[in-house]
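According to this note's numbering, the sequence shown is numbered sequentially starting from 88. From the three backbone atoms N, C-alpha and C, an ideal C-beta is built for every residue, glycine too.
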Amino acid sequence: MLKETFIKLLIKYTDDKNRINELWIEIDNSYSNPKRYYHTLQHLDSLLKQLMEVKAQLQNWETVLFTLYYHDIICDPLKPDNEEKSAELAEKRMKEILVPNPIIEHCKAQILATKSHIQSTDSDTNYFTDADLSILGQTWETYSHYSQKVRKEYSVYPDFLYNPGRKKVLNHFLAMEKIFKTDFFHHQLEKQAKQNLKKELELL
Numbered sequence: 088m089l090k091e092t093f094i095k096l097l098i099k100y101t102d103d104k105n106r107i108n109e110l111w112i113e114i115d116n117s118y119s120n121p122k123r124y125y126h127t128l129q130h131l132d133s134l135l136k137q138l139m140e141v142k143a144q145l146q147n148w149e150t151v152l153f154t155l156y157y158h159d160i161i162c163d164p165l166k167p168d169n170e171e172k173s174a175e176l177a178e179k180r181m182k183e184i185l186v187p188n189p190i191i192e193h194c195k196a197q198i199l200a201t202k203s204h205i206q207s208t209d210s211d212t213n214y215f216t217d218a219d220l221s222i223l224g225q226t227w228e229t230y231s232h233y234s235q236k237v238r239k240e241y242s243v244y245p246d247f248l249y250n251p252g253r254k255k256v257l258n259h260f261l262a263m264e265k266i267f268k269t270d271f272f273h274h275q276l277e278k279q280a281k282q283n284l285k286k287e288l289e290l291l
């Protein structure tokens, strides 16, 4: 479904089938990198399913789809600017197929919003960042597998460096008045997410 949805999105802007295929291969290769354990095609697939549930609430579905495919296309555990680099690459690729500038700018803003996941004045952005964080509110077993995958992605760091950084991330979310900004995700996932975050924090 990921590839088909991507192709359907791009044919609205270009009839160059070879270029569409090249852009898909770039996404496929990026998210299939063997050094990735969580930020993979499976993550994108899960995101797409989550967003399909709230599609009727979204103002610009195409923008959200571009954000989905490009928000983690750059993922280097050693660099602090993955979101910025992902937004830059998204802009470059979208310009190549003549996507209108308002959509490009909106997409870039949504990608950058995944850096802090704070409340946005834009409803679509809140739905996207909520879907991006939905793993936090799953069962402890599912959440535990997720946290282990994140640890593997950052395996270059020993525990004495990783743990303080991970604790900072967990406390960042726990300090939020609301982790999930939309009613749909908040009602479903907020309580479980806070329990999971606290439990991981205790285990570190």
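> Between I205, A200, E175, T201, which lies nearest to I191 when the distance is taken from Cα to Cα?
Replying inline: The count along the sequence shown starts at 1 and reaches residue 191 at position 104. Of the residues I205, A200, E175, T201, the one whose Cα lies closest to the Cα of I191 is E175.
> In three-state DSSP terms, what is E113?
Replying inline: Position 26 of the sequence shown, counted from the start, is the residue given in the question as residue 113. If DSSP states are grouped into helix, strand and coil, E113 belongs with the helices.
> Do the stretch 191-205 and the stretch 140-153 make contact, defined as three or more Cβ pairs closer than 8 Å?
Replying inline: yes
>> Can you tell me whether F93 is helix, strand or coil according to DSSP?
In response: Taking the sequence shown and counting its residues from 1, the one referred to as residue 93 is at position 6. Three-state result, F93: helix.
> From E211 to Q146, what distance separates their C-alpha atoms?
Replying inline: As a first step, residue 211 must be located in the sequence shown, where it is residue number 124. As a first step, residue 146 must be located in the sequence shown, where it is residue number 59. A quick correction: the sequence has Asp, not Glu, at residue 211. Between D211 and Q146, the alpha-carbon positions lie close to 7 Å from each other.
> Are the beta-carbon atoms belonging to F267 and D217 less than 7 Å from one another?
Replying inline: The count along the sequence shown starts at 1 and reaches residue 267 at position 180. The count along the sequence shown starts at 1 and reaches residue 217 at position 130. Yes; because the gap between Cβ atoms is below 7 Å, this pair is in contact.
> Given a threshold of 16 other Cβ atoms within 10 Å of its Cβ, counted over all protein chains shown, does D163 qualify as buried or as exposed?
Replying inline: Position 76 of the sequence shown, counted from the start, is the residue given in the question as residue 163. Exposed, because fewer than 16 other Cβ atoms sit within 10 Å of the Cβ of D163.
> Looking at the unbroken alpha helix (DSSP H) that takes in Q129, where does it start and where does it end?
Replying inline: Numbered from its first residue, the sequence shown carries residue 129 at position 42. Here the alpha helix (DSSP H) through Q129 covers 128-140.
> Counting Cβ pairs, one atom from each stretch, are 3 or more of them under 8 Å apart for the stretch 179-193 and the stretch 229-241?
Replying inline: no
> Which same chain residues, not among the five before or five after T127, have their C-beta less than 8 Å away from its C-beta?
Replying inline: As a first step, residue 127 is located in the sequence shown; it is residue number 40 there, counting from the start. Answer for T127: Y118, S119, listed in chain order.
>> Suppose only complete runs of 4+ residues qualify. What are the alpha helix (DSSP H) ranges in the stretch 156-208, listed by chain order?
In response: The qualifying runs are 169-183, 188-200.
> Taking the continuous alpha helix (DSSP H) assigned at F267, which residues delimit it?
Replying inline: Position 180 of the sequence shown holds residue 267. No alpha helix (DSSP H) holds F267; DSSP gives it neither H nor E.
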